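Numbering (full-length UniProt numbering), first residue to last: 1 to 99.
To start, the structure under review is shown below, and the notes come after it.
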Amino acid sequence: MAPPSSLTTREGGRASADLFRSDVDQSHPFGKELEQLNEVAEEFGGVCRDVAEEDEDIMIMAAHGLMKYGATDYMSEIEDLFTATFVDDDSASGNAGWI
1 MAPPSSLTTR EGGRASADLF RSDVDQSHPF GKELEQLNEV AEEFGGVCRD VAEEDEDIMI
61 MAAHGLMKYG ATDYMSEIED LFTATFVDDD SASGNAGWI
């Protein structure tokens with residue numbers, strides 16, 4: 001079955017690249033709102049932290065005797081405790097004692 005003709009033909013068409021334009025057509029009914037939205041998006045885009053800020057954070061943490069850990073560091077620290085607490089010895093060894 002063929003797709004509907006409305007999907008294959010474009011009247012007054014718009015290229016997908018038009019979706020990423022920063023300028024908004026003034027005749028657009030929501031043009032003013034879209035411009036405001038673009039401004040907010042640009043503002044939030046500038047919030048991203050840079051390497052210098054992260055390095056400064058690490059130096060401050062080190063000065064206070066704190067360490068930076070990632071998820072893998074955390075998991076390796078709690079692995080033995082987790083295994084001792086939540087893993088059943090029979091299931092860990094592969095024994096099926098209930099059969």
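Yeah, the Cβ is synthetic: ideal placement off N, Cα and C, and Gly gets one too.
None of the values given here were measured: they were computed from a predicted structure.
Residue i and residue j closer than 9 Å at C-beta
{"i": "M61", "j": "K68", "result": "yes"}
Whole-angstrom distance between residue j and residue i, CA atom to CA atom
{"i": "E43", "j": "G65", "result": "34 Å"}
{"i": "F86", "j": "E77", "result": "15 Å"}
{"i": "E54", "j": "A41", "result": "23 Å"}
{"i": "K32", "j": "V51", "result": "35 Å"}
{"i": "L37", "j": "F30", "result": "10 Å"}
{"i": "residue 116", "j": "M59", "result": "The structure shown does not extend to residue 116, since the chain spans only 1 to 99, so no value can be given for it."}
{"i": "D57", "j": "A63", "result": "10 Å"}
{"i": "D80", "j": "L34", "result": "53 Å"}
{"i": "G70", "j": "E39", "result": "34 Å"}
{"i": "D73", "j": "F82", "result": "14 Å"}
Check: residue i C-beta below 8 Å from any heavy atom of the ligand HEM
{"i": "E77", "result": "Among the components modelled here there is no ligand, and therefore nothing to report on the ligand HEM."}
Note down, one range per segment and in chain order, each alpha helix (DSSP H) of at least 4 residues found wholly within the segment 22-86.
Fully contained in the segment 22-86 are the following alpha helix (DSSP H) runs of length 4 or more, in chain order: 31-45, 51-63, 71-86.
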